[in-house]
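Residue numbers (our numbering): 1 to 474. Below is one structure, written out as structure tokens, with a few remarks after it.
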Ligand SMILES: Nc1nc2c(ncn2[C@@H]2O[C@H](COP(=O)(O)OP(=O)(O)O)[C@@H](O)[C@H]2O)c(=O)[nH]1
Ligand SMILES: [Mg+2]
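In structure tokens:
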């Protein structure tokens, strides 16, 4: 995050970790190790089935073809793409040891240890696109190869419980699917230690959605409608669903397309659509040499060939702009940079607190550590961190609890009025009155909770309404 230093949550955590270090002894090292994760950019993991378009999307977001999409080495292991210089790579083994991997542009390096012993590939490259958010590409879920799934699971789910070294510590997830997610995929998402607010659904391959580029409906339009529908269907699992053509985004964002490609595409501009479809589908002699045609299809897909021909007559820059504008990448970037990043940062803060808590259990200096953790949690700036953790735990323990909706409203509301379910122009007095009412309801409910998770959530909900009532904000 730009301005992370002045973010009130980070100020509280930083202050708490300094208090921890001031206890001396080995706690200095513990505080430093926890602090390191605090200052690293949050990690966004991309999950979905094999061939869902994950690596293509990662390339588009990074703006370089780093996550190879062919059957290369890196497609079998989890890969972390982080801003840093010089450009380099290491394999992190399950036992936490690190092994350098030579990075040769345009060539695939063999990984130094067997896949089964690899937690993830850690790749650094200098790129502003990953300065605030580190991307994690995964091999895929529930695929024909159980190995891929095991590799994805052990760093996201199993790793979370077991060794810290083998975990990629994801703070947010992008879940790619290309029509309707399968039950096993949704089950996997449920097991991720992330709330739906930290999980974005992406309807991938929008350019070939439904009947595809050659069908009667415009696939991008159709995908956009389907994404709205899926946002409602998957509300328990993801914050929303946005449609994307990763292919169009990748081509326009990696500089893969040149004037020669635009000219080749423009040469098809005058063809009748049916003749063009024939030419795309048949292997006989056509208007383009087969290699040129295949290259165009690889770059822009059938949709791009069919609908980008006219714009291609204006040159490669115009074609690129058209691809980017229609890919859906801008809307996706917008969500990544705003709400998803925001909840990723809160999740990172929660994990810092969890680690201080853990230390309080295992360390002889448990009392002072505990009071430091308590002081950190009690800061008003940490309330949203608490609410997010409450939401995640409540969704596991008791997803039907009415407190779930209340937590979501408090967390996603822009401004005090929205936090109590009022329109943004509601008066301060109106907001306070509503907060008082909701506080009374929450207090009533607190005497008859169904689960410990609901109990803990209500403590924070009551704090939130009390703050809204007395100070007018959270
Ligand atoms: N038409 C189209 N093809 C795509 C899109 N995204 C990915 N592909 C293709 O689908 C194949 C698999 O993509 P990849 O990103 O490797 O999938 P992964 O297994 O999820 O990482 C590749 O041949 C991509 O070119 C898309 O948005 N549209
Ligand atoms: Mg891949």
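In this text, a Cβ means the ideal position worked out from N, Cα and C, and glycines have one as well.
Presumed contact (8 Å Cβ cut-off) between residue i and residue j, rounded CB distance
i           : j           : result
residue 189 : residue 175 : 6 Å
residue 312 : residue 344 : About 38 Å separates the two Cβ atoms, so there is no contact after all.
residue 230 : residue 203 : 6 Å
residue 62  : residue 93  : Not a contact, Cβ separation roughly 25 Å.
residue 136 : residue 80  : 5 Å
residue 356 : residue 16  : 7 Å
residue 454 : residue 398 : 6 Å
residue 43  : residue 171 : 6 Å
residue 13  : residue 365 : Not a contact, Cβ separation roughly 19 Å.
residue 410 : residue 387 : 6 Å
residue 152 : residue 41  : Actually they do not touch by this definition, with Cβ atoms about 21 Å apart.
residue 9   : residue 382 : 7 Å
residue 390 : residue 460 : 5 Å
residue 403 : residue 472 : Contact doesn't hold; Cβ gap of about 23 Å is too wide.
residue 378 : residue 239 : Contact doesn't hold; Cβ gap of about 28 Å is too wide.
residue 302 : residue 213 : 4 Å
residue 419 : residue 468 : 6 Å
Coil, strand or helix - residue i by DSSP
i           : result
residue 117 : helix
residue 236 : coil
residue 21  : helix
residue 356 : helix
residue 101 : strand
residue 122 : strand
residue 398 : coil
residue 55  : helix
residue 382 : helix
residue 412 : helix
residue 144 : Residue placement at residue 144 cannot be trusted, given a pLDDT of 44 that sits under 50; what the coordinates show is reported in the next sentence. Residue state, collapsed to three classes: coil.
residue 260 : helix
residue 15  : helix
residue 127 : coil
residue 441 : helix
residue 523 : What the structure shows of the chain is the stretch from 1 to 474, and residue 523 is not part of that stretch, so it cannot be assessed.
residue 338 : helix
residue 290 : helix
residue 308 : helix
residue 389 : helix
residue 271 : coil
residue 434 : helix
residue 422 : coil
residue 365 : coil
residue 60  : helix
residue 111 : coil
residue 8   : helix
residue 96  : coil
residue 407 : helix
residue 473 : coil
residue 65  : coil
residue 217 : coil
residue 231 : helix
residue 448 : coil
residue 72  : Since pLDDT at residue 72 reaches only 46, below the 50 mark, its modelled position is unreliable, and the value read off the structure follows with that caveat. Coil at residue 72, not helix or strand.
residue 371 : helix
Residue range of the unbroken beta strand (DSSP E) whose run includes residue i
i           : result
residue 243 : 241-243
residue 134 : 134-137
residue 89  : 88-93
residue 47  : 43-48
residue 83  : 79-83
Host alpha helix (DSSP H) of residue i (start-end)
i           : result
residue 316 : 316-327
residue 154 : First-last for residue 154: undefined, no H or E at that position.
residue 211 : Neither: residue 211 is in no alpha helix (DSSP H) and is coded neither H nor E.
residue 252 : 246-253
residue 463 : 452-470
residue 33  : 27-39
Proximity test, residue i beta-carbon vs ligand 4 heavy atom, cut-off 7 Å
i           : result
residue 298 : Ligand 4 is not part of the structure shown, which contains ligand 1 and ligand 2 as its ligands.
I'd like the ranges of any alpha helix (DSSP H) spanning at least 4 consecutive residues and lying wholly in the segment 165-207.
Here the runs fully enclosed are 183-191.
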